Amino acid sequence: MGRRIVMLGAPGAGKGTQAVRIAGRLAAPHISTGDIFRAHLKNGTAIGRQVQPYLDAGQLVPDELTCAIVADRLQADDCRGGYVLDGFPRSVPQAEMLTKLLRDHGDDLDMAIDIAVPDEEIVGRLAARRFCPKCGKIFNLKFSPSGNGKKCDAPGCDGTLERRSDDEEETIRERLRVYHETTEPIIGYYESQGILRTVPAAKASADDVFAKVEELLRTAGAA
Ligand code: AMP
């Protein structure tokens, strides 16, 4: 099978962590719209200034801008053999746009992997989430702590772990609300296309979830 994969799941379900691992296993790029927006913010670009209010409020950046950024990224040479999309699509119009973009090139998505975690677990997970501002590695104080205390344990990196500014409780609740209202309907969209695969991830470590994901990929002949 091809290797065009979309990751689905509530914020904090661990889809970013899994996306990075899948991309490593398939030697395909990991494309996170959240990471792209945060890089624009950090670099003070015009796009960064445009998206900042949405990120600060936990709301979605308008589809037109988001889709334009993704369409541009998917044209890069490194996407030819496939990719793992993380955080996109996040609304049914974005999913429809992606289908159309691919079909215009005679392509299709191969798999949508939903990392399923119940709401009551999400808030606790996000409050415990940390990231390394130097290399981007994601940690969770409960589920996947750093082996190096408050510092990053990636080889050659010793960044001091930070909490994302939108992982504060009020913003978390807004992001969850937006997820249920706008993003969750995508699950039905991909189910009807026959490419949805659900990975139950309640109370599971990142390693346990990845073992299930690997099984899926093997069964599909992707890895
Ligand atoms: P994430 O890192 O995926 O949780 O994304 C962080 C924030 O970036 C979200 O809360 C949104 O404000 C914005 N964002 C990321 N991906 C999208 C998308 N596909 N559509 C709209 N906004 C997005």
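Residue numbers for the sequence shown, in this note's numbering: 1140 to 1362.
All C-beta atoms in this analysis are idealised placements derived from N, C-alpha and C, irrespective of residue type, glycine included.
Just so we're clear, the structure is a prediction, and the values are computed from it rather than from any experiment.
Check	Outcome
Supposed close pair Q1189, V1352 - CB separation, criterion 8 Å	Contact doesn't hold; Cβ gap of about 34 Å is too wide.
Contact under 9 Å by Cβ, L1300 with S1283	no
Those residues which DSSP pairs with M1250 across a bridge	I1144
Identity of the residue in G1153, E1235, A1185, K1181 nearest S1331 by Cα	E1235
Span of the beta strand (DSSP E), counted from its first residue to its last, around R1269	1268-1270
Exposure of M1140, with buried meaning 16 or more beta-carbon neighbours within 10 Å	For M1140, the pLDDT reaches just 49, beneath the cut-off of 50, and the residue's location in the model is therefore unreliable, although a value from the coordinates is still provided. The residue in question, M1140, is exposed, as its Cβ has fewer than 16 Cβ neighbours within 10 Å.
Outcome for Q1233 when other beta-carbon atoms lying within 10 angstroms are tallied against a minimum of 16	buried
P1272 Cβ short of 8 Å to ligand 1 heavy atom set	no
Through-space distance from S1230 to N1287, alpha-carbon basis	37 Å
Which listed residue (L1280, K1273, P1339, R1303) has its alpha carbon closest to that of A1293	K1273
Ligand 1 heavy atom lying under 8 Å from the CB of Q1214	no
Euclidean distance between Cα positions of R1212 and P1339	30 Å
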